[in-house]
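2 protein chains.
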Amino acid sequence: MIEDKNPQRTSLSDLGEFGLIKHLTKNFEINQSSTLKGIGDDAAVLDFKDKKAVISTDLLIEGVHFDLAYMPLKHLGYKSVVVNVSDIYAMNAKPTQITVSVAVSNRFPLEALEELFDGITLAAKEYNVDVIGGDTTSSQKGLIISITAIGEADEAELTYRNGAKSNDLLVVTGDLGAAYMGLQVLEREKQVFQVNPNNQPDLDAYTYIIERQLKPEARKDIRTLLHALEIKPTSMIDISDGLSSEIIHLCKQSGIGCNLYEEKLPLDPQLISVCEEFNIDSTTVAINGGEDYELLFTISMNDFDKIKGNPNFTVIGHMVEESDGIHLITRANTKIPLKARGWNALDN
Amino acid sequence: MIEDKNPQRTSLSDLGEFGLIKHLTKNFEINQSSTLKGIGDDAAVLDFKDKKAVISTDLLIEGVHFDLAYMPLKHLGYKSVVVNVSDIYAMNAKPTQITVSVAVSNRFPLEALEELFDGITLAAKEYNVDVIGGDTTSSQKGLIISITAIGEADEAELTYRNGAKSNDLLVVTGDLGAAYMGLQVLEREKQVFQVNPNNQPDLDAYTYIIERQLKPEARKDIRTLLHALEIKPTSMIDISDGLSSEIIHLCKQSGIGCNLYEEKLPLDPQLISVCEEFNIDSTTVAINGGEDYELLFTISMNDFDKIKGNPNFTVIGHMVEESDGIHLITRANTKIPLKARGWNALDN
Numbered sequence: 001m002i003e004d005k006n007p008q009r010t011s012l013s014d015l016g017e018f019g020l021i022k023h024l025t026k027n028f029e030i031n032q033s034s035t036l037k038g039i040g041d042d043a044a045v046l047d048f049k050d051k052k053a054v055i056s057t058d059l060l061i062e063g064v065h066f067d068l069a070y071m072p073l074k075h076l077g078y079k080s081v082v083v084n085v086s087d088i089y090a091m092n093a094k095p096t097q098i099t100v101s102v103a104v105s106n107r108f109p110l111e112a113l114e115e116l117f118d119g120i121t122l123a124a125k126e127y128n129v130d131v132i133g134g135d136t137t138s139s140q141k142g143l144i145i146s147i148t149a150i151g152e153a154d155e156a157e158l159t160y161r162n163g164a165k166s167n168d169l170l171v172v173t174g175d176l177g178a179a180y181m182g183l184q185v186l187e188r189e190k191q192v193f194q195v196n197p198n199n200q201p202d203l204d205a206y207t208y209i210i211e212r213q214l215k216p217e218a219r220k221d222i223r224t225l226l227h228a229l230e231i232k233p234t235s236m237i238d239i240s241d242g243l244s245s246e247i248i249h250l251c252k253q254s255g256i257g258c259n260l261y262e263e264k265l266p267l268d269p270q271l272i273s274v275c276e277e278f279n280i281d282s283t284t285v286a287i288n289g290g291e292d293y294e295l296l297f298t299i300s301m302n303d304f305d306k307i308k309g310n311p312n313f314t315v316i317g318h319m320v321e322e323s324d325g326i327h328l329i330t331r332a333n334t335k336i337p338l339k340a341r342g343w344n345a346l347d348n
Numbered sequence: 001m002i003e004d005k006n007p008q009r010t011s012l013s014d015l016g017e018f019g020l021i022k023h024l025t026k027n028f029e030i031n032q033s034s035t036l037k038g039i040g041d042d043a044a045v046l047d048f049k050d051k052k053a054v055i056s057t058d059l060l061i062e063g064v065h066f067d068l069a070y071m072p073l074k075h076l077g078y079k080s081v082v083v084n085v086s087d088i089y090a091m092n093a094k095p096t097q098i099t100v101s102v103a104v105s106n107r108f109p110l111e112a113l114e115e116l117f118d119g120i121t122l123a124a125k126e127y128n129v130d131v132i133g134g135d136t137t138s139s140q141k142g143l144i145i146s147i148t149a150i151g152e153a154d155e156a157e158l159t160y161r162n163g164a165k166s167n168d169l170l171v172v173t174g175d176l177g178a179a180y181m182g183l184q185v186l187e188r189e190k191q192v193f194q195v196n197p198n199n200q201p202d203l204d205a206y207t208y209i210i211e212r213q214l215k216p217e218a219r220k221d222i223r224t225l226l227h228a229l230e231i232k233p234t235s236m237i238d239i240s241d242g243l244s245s246e247i248i249h250l251c252k253q254s255g256i257g258c259n260l261y262e263e264k265l266p267l268d269p270q271l272i273s274v275c276e277e278f279n280i281d282s283t284t285v286a287i288n289g290g291e292d293y294e295l296l297f298t299i300s301m302n303d304f305d306k307i308k309g310n311p312n313f314t315v316i317g318h319m320v321e322e323s324d325g326i327h328l329i330t331r332a333n334t335k336i337p338l339k340a341r342g343w344n345a346l347d348n
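Line order of the protein sequences matches chains A and B.
The UniProt record's numbering numbers the first residue of the first sequence as 1 and each following residue consecutively.
The UniProt record's numbering numbers the first residue of the second sequence as 1 and each following residue consecutively.
Here it is in structure tokens:
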């Protein structure tokens with residue numbers, strides 16, 4: 001697929017490591033006042049003044065986290081940034097900088113890396129983060145991307161996983177499960193393509209869920225919105241591994257339990273119809289499908305009126321005592337223990 | 001080699017990703033006052049108060065940056081931290097935290113990862129850095145390590161690559177080229193082993209240079225020493241790619257030239273004798289061999305008396321006007337242009 005798109009191929013070793021870094025990073029701008037020195041020295045220099053710094057890192061491996069058969073490199077670059085800044089938003093902080101390290105095998109021409117960095121540059125603009133460093137090297141096999149995201153926040157606004165209290169409401173942004181079903185559609189089309197490469201897929205019925213998989217966005221709006229509504233969540237996490245897995249994290253770290261209501265789960269109509277087509281239970285998908293990059297948080301019951309009716313938020317449950325456990329309350333009103341069956345990179 | 005050392009093998013997927021992270025990170029202590037929150041949330045939280053934060057990142061790939069045939073995993077873990085904190089020292093800053101991401105193929109048992117993390121833990125203690133985050137995942141092939149190092153410094157003490165002035169003295173710590181020749185010895189022993197696995201290598205004559213390759217140390221003492229001597233370097237860099245490559249970085253970024261004197265290059269006696277044995281020119285090794293992790297810096301001529309006779313420092317050259325170029329002055333007093341032939345990860 002890469003070859004088709006890049007009739008011109010420039011070998012990476014022609015440029016050398018320093019030439020390559022210079023070439024790929026030339027479009028990066030410095031916009032954050034906290035960035036004193038970006039790329040070009042042994043280390044970047046940052047000044048957070050009276051703010052706290054938050055930092056998070058993720059490693060993305062070809063064949064484990066993404067498949068270049070259906071993931072365009074530009075989208076991959078964009079998504080690599082999104083998954084990292086999402087962790088910063090999950091602290092109720094503002095992302096400010098990222099470092100980007102990339103390892104590629106020799107099969108990648110320069111033009112492929114340029115596409116990847118185009119996506120990284122686009123996401124850096126969209127989320128207003130400075131690219132302040134990184135590393136470019138060769139790999140034995142495939143493409144490896146390591147991104148570290150840095151952000152800032154006032155101490156009072158930082159939101160951890162361990163602050164949820166019994167009786168708090170469990171709230172989620174956006175809708176759930178679409179990224180996972182988007183992946184199922186793309187996997188199916190890949191198999192069709194392998195059988196008949198002339199087959200042109202008609203993906204019109206799947207645009208939303210495929211976009212959720214290929215070009216997810218982090219919820220940068222929520223921090224501003226919560227601030228405007230004068231809500232400080234008692235705990236917060238982003239949904240990368242799947243709703244059930246994230247709920248269990250909040251409960252375990254806060255020392256409480258949770259009742260999650262099946263009927264409250266926010267599902268996009270396209271997700272529901274694709275689940276029917278694939279004969280998969282949409283609740284299972286919403287609970288265990290990962291990569292939604294929505295925010296999951298708890299708020300005090302007293303704040304309910306502030307979010308009531310707001311289309312950005314859905315109350316999907318409430319927190320209970322630890323001894324009451326973590327349960328899904330089904331539409332039929334049966335109570336079943338919630339298990340983390342989320343995506344596990346180590347099973348691959 | 002891994003198999004021989006680990007009769008007990010525990011599969012990584014038995015533990016799951018979160019179980020694995022918990023298991024591997026249980027020995028990490030928080031010692032830095034700037035670490036408000038370490039591992040266990042979406043992001044770590046740091047507070048640098050009135051200090052500036054510095055940040056640097058490196059990606060280490062099996063088969064490109066290391067060979068497990070002769071690199072024990074514990075040493076690899078240690079060295080991975082060293083190469084990163086070395087970048088922080090090269091800013092004249094103090095390393096305070098690191099994040100560690102690791103991807104492994106399924107051939108690695110838990111016991112192998114434990115050895116790797118033992119080395120990381122040891123280095124974290126030695127350099128007094130808190131391990132505040134990371135990621136553990138599977139790879140398609142081999143071991144991949146991504147480390148981000150964070151440090152702090154007062155703005156006035158930060159030392160960049162671009163501050164060198166004409167007439168400044170060029171100073172290096174320790175000695176040069178030993179890590180490179182240590183690698184050559186290990187490569188030779190690997191080939192001997194492949195021909196005759198019963199051959200027991202006698203490495204007594206190579207202990208110093210092998211240790212420089214397998215267990216390098218970053219120069220954490222230099223910052224304190226320079227402070228005590230009341231010297232602020234005008235520019236500084238660490239030697240990872242090779243002396244010539246680093247000199248060229250300092251010159252290009254400072255807009256000046258340099259005369260480097262062959263006769264001044266600090267060489268360990270063991271290095272000289274091994275170079276003779278291998279029939280390699282020791283000057284070439286000292287100039288182009290990488291991974292010394294010594295510090296290279298420039299100081300004002302006025303500071304010469306402060307370092308004169310100090311065994312930690314060797315004056316190896318002086319800076320000249322940009323138009324005079326960057327040259328090696330040989331023992332025979334000929335002047336040859338210095339070229340960066342340092343190790344290039346993209347040639348692999």
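Using N, Cα and C, we set each Cβ at its ideal position, and we do this for glycine too.
Counting every other CB atom within 10 Å of its CB across the protein chains shown gives H65(B) a total of 16 or more, marking it as buried.
Take the alpha-carbon of I210(A) and the one of G134(A): they are about 30 Å apart. Just measuring C-alpha positions, the residue of K190(A), L267(A), S254(A) sitting nearest D168(A) is S254(A). Straight through space, the alpha carbons of T10(A) and S56(A) are spaced by roughly 33 Å.
Collapsing the DSSP output to three states places S80(B) in a helix. Here the alpha carbon of T159(B) sits roughly 38 Å from the alpha carbon of A205(B). For A149(B), the secondary structure class from DSSP, reduced to helix, strand or coil, is strand. With 16 or more other Cβ atoms from the protein chains shown falling within 10 Å of its own Cβ, I88(A) counts as buried. Residue contact with chain B for T207(A): absent (no Cβ-Cβ distance below 8 Å to any residue of chain B). Our two residues, K165(A) and D154(B), have alpha carbons roughly 40 Å apart in a direct line. Proximity of K215(B) to chain A, defined by a Cβ-Cβ separation below 8 Å, is not satisfied. The beta carbon of L12(B) sits closer than 8 Å to those of L20, V104, N106, F108, P109, L110, L113, S138, all from its chain and outside the five residues before and after it, given in chain order. Per DSSP, reduced to three states, the secondary structure at K37(A) is strand.
Across the region 43-54 of chain A, CB contacts with chain B closer than 7 Å involve A43, A44, V45, L46, D47, F48, K52, A53, V54, in sequence order along the chain. L73(B) sits close to L116(B), with the two beta carbons spaced by under 8 Å.
According to DSSP, Y261(A) shares a beta bridge with I329(A). Within 10 angstroms of the beta-carbon of H75(B) lie 16 or more other beta-carbons, which makes it buried. Taking all protein chains shown into account, P233(A) has 16 or more neighbouring C-beta atoms within 10 Å of its C-beta and is therefore buried.
Taken residue by residue, none of the region 293-324 of chain B has a beta-carbon sitting less than 7 Å from a beta-carbon on chain A. The criterion of a C-beta distance shorter than 8 Å is not satisfied by T284(A) and L265(A). Within the region 269-311 of chain A, the complete beta strand (DSSP E) segments at least 3 residues long are 295-299, listed from N- to C-terminus. Shortest Cα-Cα distance from G290(B) to any of C251(B), D238(B), I326(B), A149(B) involves D238(B). At a cut-off of 8 Å between beta-carbon atoms, E62(A) makes contact with chain B. Checking the DSSP bridge columns, you'll see K232(B) has no partner listed. If only uninterrupted alpha helix (DSSP H) runs of at least 4 residues are considered, those enclosed by the region 137-198 of chain B are 178-195. D303(B) sits close to I231(B), with the two beta carbons spaced by under 8 Å.
Contact between A179(A) and R223(A) is ruled out by a C-beta separation of about 21 Å, above the 8 Å threshold. Excluding residues up to 5 positions away in sequence, V45, D47 lie with their Cβ nearer than 6 Å to the Cβ of L36(B) in the same chain. Contact annotation for K37(A) against chain B: Y160 [CB-CB distance below 8 Å, chain order]. At a cut-off of 8 Å, the C-beta of S33(B) has no neighbouring C-beta in chain A. Taking 8 Å as the cut-off, the beta carbon of Q184(B) is found closer than this to the beta carbon of F278(B). Between D268(A) and D175(A), the C-beta spacing is below 8 Å. Here L113(A) carries a helix assignment [DSSP, helix/strand/coil]. Contact between I287(A) and G257(A) is absent: CB atoms are separated by about 16 Å, not below the 8 Å threshold. For T173(B), the nearest beta carbon of chain A is not closer than 8 Å to its own beta carbon. Within 10 angstroms of the beta-carbon of A156(A) lie fewer than 16 other beta-carbons, which makes it exposed.
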